[in-house]
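Residue numbers (the UniProt record's numbering): 1 to 187. For each residue, glycine too, the CB sits at the ideal point set by N, CA and C. Predicted model, so just to flag it, every value in this text is computed and none were measured. These notes concern the structure reproduced below.
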């Protein structure tokens, strides 16, 4: 390979890294915007529970564990807090060893307010884009997501670890929606 091809490869690599850094920076700023302007606890804890129930009221414990990507213990604590605040009630489920969780009127009102605030923040963040640019952004990010999944990289819900199938041990620490996989080298 000639020096021109090597140089062209370096430029392409530098452009790729620059693009990924820009994407990462934009992602961080969007998260900060949601923290600053969005509803409190929308993605975690009771906020996430209320949002899930707004879409699937009367869901069972098992369905909520799957939907939220949390353990039964974490869900139980969250449901207890929401019951104490008057946001949800617990009911009997048809299946054994599970229960249903249903929004109260107050819980539905709180969830609807949070969703509206979340949607308003999202609209404000994307207001700098034209509808065509937003469609392009959606298409490009979907293309990247599909490519990563095709390479065996996945991010299955909040608080779960990113896994690259068959390459590394799955150790990590939660950092929001996806986590970093730590590579352990053994001597």
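Can you look up residue 137 in the DSSP assignment and give me helix, strand or coil? helix
Please classify residue 103: does DSSP put it in a helix, a strand, or coil? strand
What is the rounded straight-line gap between the Cα of residue 20 and the Cα of residue 141? 12 Å
Could you spell out the range, first to last residue, of the alpha helix (DSSP H) harbouring residue 92? Counting along the chain, residue 92 falls outside any alpha helix (DSSP H), though it belongs to the beta strand (DSSP E) covering 88 to 92.
Please state the DSSP three-state secondary structure of residue 60. strand
What first and last residue would you give for the alpha helix (DSSP H) that runs through residue 80? 72 to 84
In terms of residue numbering, what span does the alpha helix (DSSP H) encompassing residue 69 cover? Premise fails: residue 69 is in no alpha helix (DSSP H) and is neither H nor E.
If you count every other CB in all the chains shown that lies within 10 Å of the CB of residue 128, and 16 or more means buried, which is it? exposed
Which residues in the same chain as residue 57 place their Cβ atom closer than 7 Å to its Cβ, once the five residues preceding and following it in sequence are excluded? 102 and 103
To the nearest angstrom, report how far apart residue 73 and residue 93 are at their CA atoms. 18 Å
At what residues does the alpha helix (DSSP H) containing residue 47 begin and finish? 45 to 55
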